[in-house]
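Take a look at the structure set out below.
Residue numbers (my numbering): -10 to 243.
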């Protein structure tokens, strides 16, 4: 294979969750630009417009509005997406949420919501994808991990627990499914300018502290994560599995 072909996604079929905005949408646009057919899943109706904007006859794009915390609904949406694509080569578990509460008063219903979306849905969709990927002896699964897969932080116990567990789930699935040609990896963003982080960016006390911790001195953007997802979804990473690729401005190096 020539070097220029390593990142070619022509003919690949990708299912991407949380793809109506932010990181998920940036990745969907990049995959489609490189020739992949994509199915976008998200709770917001904006996912329908996002898919329509991408759709072409040569590289179709499909949008599915779905509550990914609903187990039956997400399975149904996934199966519809895979049927529309004609199969699945790449699954990106990008959807996630965070809720902040003091640990002593952390509501258990919030805990359950966060783990259902951030962790359980990633396992569930990976199981569904693996049932398609194992017979074809190939596939890529990419989970959106986090800086908080490695580092705790006050008042985000649910988020940190879910992302720490997602890191180990990624590595466990990589171990189990490697004999079937399935690569399971993660991307761990640092501080990225997305809607989920808007509260922290508007905090006059905490936001400057994050800048002080960053060797690069700034937050990243969703566009700066595209390369990591392209690498892990392409032939360039065919011998990479169980790896968590940090895109964090150097914060884990400090």
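Note that the Cβ used here is the ideal one computed from N, Cα and C, for glycine as well.
Counted within 10 angstroms of its Cβ, other Cβ atoms place residue i as buried (16 or more) or exposed
i           : result
residue 140 : exposed
residue 18  : buried
residue 114 : buried
residue 47  : exposed
When the options are compared against residue i, the one with the closest alpha-carbon
i           : options            : result
residue 72  : -1, 118, 128       : 118
residue 10  : 212, 224, 131, 243 : 212
residue 168 : 126, 54, 227       : 126
residue 63  : 129, 31, 81        : 31
residue 85  : 99, 94, 133, 76    : 133
residue 166 : 120, 178, 45, 202  : 120
residue 222 : 112, 207, 153, 174 : 174
residue 69  : 60, 53, 123, 58    : 53
residue 205 : 181, 83, -10, -5   : 181
Proximity of residue i and residue j at Cβ, strictly below 7 Å
i           : j           : result
residue 214 : residue 236 : yes
residue 50  : residue 35  : no
residue 12  : residue 29  : no
residue 110 : residue 57  : yes
residue 100 : residue 153 : no
DSSP state of residue i mapped onto helix, strand, coil
i           : result
residue 26  : strand
residue 51  : strand
residue 107 : helix
residue 124 : helix
residue 8   : coil
residue 241 : helix
Assumed close pair residue i, residue j - CB separation to whole angstroms, cut-off 8 Å
i           : j           : result
residue 1   : residue 78  : 5 Å
residue 137 : residue 145 : 7 Å
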